[in-house]
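Right, one structure below, let's go through it.
Number of protein chains: 2
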Amino acid sequence: MSVALSTAQALTLWHDVALALVRDDEPDLSVRQVCILLTIYLEAPPHTVRDLAKKLGVTKPVITRALDTMGKLELVSRRRDEKDRRNVLVQRTVKGALYLERLADTIGNHAKSL
Amino acid sequence: MSVALSTAQALTLWHDVALALVRDDEPDLSVRQVCILLTIYLEAPPHTVRDLAKKLGVTKPVITRALDTMGKLELVSRRRDEKDRRNVLVQRTVKGALYLERLADTIGNHAKSL
DNA sequence: CCAGACTGTAACGGACCCGAAACAACCATA
DNA sequence: TATGGTTGTTTCGGGTCCGTTACAGTCTGG
């Protein structure tokens, strides 16, 4: 399945969704944060700090801090890996799933009305 | 023209584009900044600080500061309105147009390969 | 058992951003 | 030409994020 978008359509879609994100009451997540969040929810577990850092091409502290703030917002949770206690496993939460469901709705609705 | 996206498709698209933005060398713009940038390039001029603030539902200093940083990056430029010197007109630049062209390409390419 | 490699995290200094409020420049109208 | 309302900007205190570096906990192979 393939979706063809003109330049103007692509930018309009991005603009409309960004505008919706800015205008709603939720605290704005940075691009890095939503990228981490989406990786966790779209790709198969387990997710470790190291893996996420490598996938995004950033340093580990960036991931740690993003998990701190998204953890406060209850969008993700952390747990020690009991098999190898050096690892931290990043896990999904109900709030995180709802947040992304709403995001998908926003994207879908604006794509529909392009 | 209407584009139908499933939940997974919408999130995958967003993830892939966000990942591309994080991984490239350009400094990451915040969601607010790209929203301002897109408004300037997609909607008809003139664009004033006041109008942009109202459109985004944020305060004027937010716009001023975003224009400061994007001005440093040469993505936008400012000029006094000679007709009413209280106004500042926000204008497009070559670099800004190229930036958005690249963004549109990124979005389009990932949409095509959904 | 222990030295080294590997995890994730904390500390640091600097940069940026926020909202609220104060501010300076400018216009309009009486 | 004053005065009130408009514009965009600056300032203030507080917060977040960055990359680098240093650190503490954990595993593993000799």
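Chains as they are written, first to last, in this note's numbering: chain Y, 1 to 114; chain S, 1 to 114.
Backbone N, C-alpha and C define an ideal beta-carbon position, used for all residues, glycine too.
No experiment lies behind these values; they were computed from the predicted model shown.
Inset, instruction - Report the residue from E43(S), V62(S) and A111(S) whose alpha carbon sits nearest the alpha carbon of L92(S). - result: Along the second sequence, read from residue 1 onward, the residue named residue 92(S) stands at position 92. The question names Leu, yet the displayed sequence has Arg at residue 92(S). Nearest neighbour of R92(S) by Cα position, chosen from E43(S), V62(S) and A111(S), turns out to be E43(S).
Legend entry - Element boundaries [alpha helix (DSSP H), containing R80(S)]: Locating residue 80(S) in the second sequence gives position 80, where the first residue counts as 1. Counting along the chain, R80(S) falls outside any alpha helix (DSSP H), though it belongs to the beta strand (DSSP E) covering V76 to R80.
Inset, instruction - Would you tell me roughly how many angstroms separate the C-alpha atoms of E101(S) and K54(S), rounded to the nearest one? - result: Position 101 of the second sequence holds residue 101(S). Position 54 of the second sequence holds residue 54(S). Here the C-alpha atom of E101(S) lies approximately 26 Å from the C-alpha atom of K54(S).
Inset, instruction - Could you spell out where the beta strand (DSSP E) holding V88(Y) opens and where it closes? - result: As a working note, residue 88(Y) is residue 88 in the first sequence. Judged by DSSP secondary structure, V88(Y) falls within the beta strand (DSSP E) whose first and last residues are V88 to R92.
Inset, instruction - Tell whether a beta-carbon distance below 8 Å holds between L11(S) and A104(Y). - result: Within the second sequence, numbered from 1, the residue matching residue 11(S) stands at position 11. Within the first sequence, numbered from 1, the residue matching residue 104(Y) stands at position 104. Result yes, Cβ atoms of L11(S) and A104(Y) sit closer than 8 Å.
Inset, instruction - Quick one: using the 10 Å Cβ neighbour count with 16 as the cut-off for buried, is V49(Y) buried or exposed? - result: For the purposes of this step, residue 49(Y) is taken as the residue at position 49 of the first sequence. By the neighbour-count criterion, in which a residue is buried when 16 or more other Cβ atoms sit within 10 angstroms of its Cβ, V49(Y) is buried.
Legend entry - Under 8 Å by beta carbon: chain Y residues contacting E57(S): Working through the second sequence from its first residue, we reach residue 57(S) at position 57. Checking the sequence, you will find Gly at residue 57(S) rather than Glu. The answer, in chain order, is V22 and R23.
Inset, instruction - Work out the CA separation of R86(S) and K72(Y) for me, nearest whole Å. - result: The sequence position of residue 72(Y) within the first sequence is 72, counting from 1. The sequence position of residue 86(S) within the second sequence is 86, counting from 1. For K72(Y) and R86(S), the distance between alpha carbons rounds to 43 Å.
Legend entry - Through-space distance from V34(S) to A68(S), alpha-carbon basis: Here residue 68(S) refers to the residue found at position 68 when the second sequence is read from its first residue. Here residue 34(S) refers to the residue found at position 34 when the second sequence is read from its first residue. According to the sequence shown, residue 68(S) is Asp rather than Ala. Linking D68(S) to V34(S) through their CA atoms gives a straight-line distance of about 14 Å.
Legend entry - Validate contact between the stretch 6–23 of chain Y and the stretch 75–90 of chain Y using beta carbons, cut 8 Å, 3 pairs: A contact is defined here as three or more CB-CB pairs under 8 Å, and the stretch 6–23 of chain Y fails this definition with respect to the stretch 75–90 of chain Y.
Legend entry - First and last residue of the uninterrupted alpha helix (DSSP H) at G132(Y): The first residue shown for chain Y is 1 and the last is 114, placing residue 132(Y) beyond what the model contains.
Inset, instruction - Answer yes or no: does any C-beta atom of chain S fall closer than 8 Å to that of H54(Y)? - result: Numbered from its first residue, the first sequence carries residue 54(Y) at position 54. Sequence inspection shows Lys at residue 54(Y); the His mentioned does not correspond to that position. Contact with chain S is absent for K54(Y), since none of that chain's Cβ atoms lies less than 8 Å from the residue's Cβ.
Legend entry - Below-8 Å beta-carbon distance, D28(Y) vs any chain S residue: For the purposes of this step, residue 28(Y) is taken as the residue at position 28 of the first sequence. Taking Cβ atoms only, chain S reaches closer than 8 Å to D28(Y), which makes this a yes.
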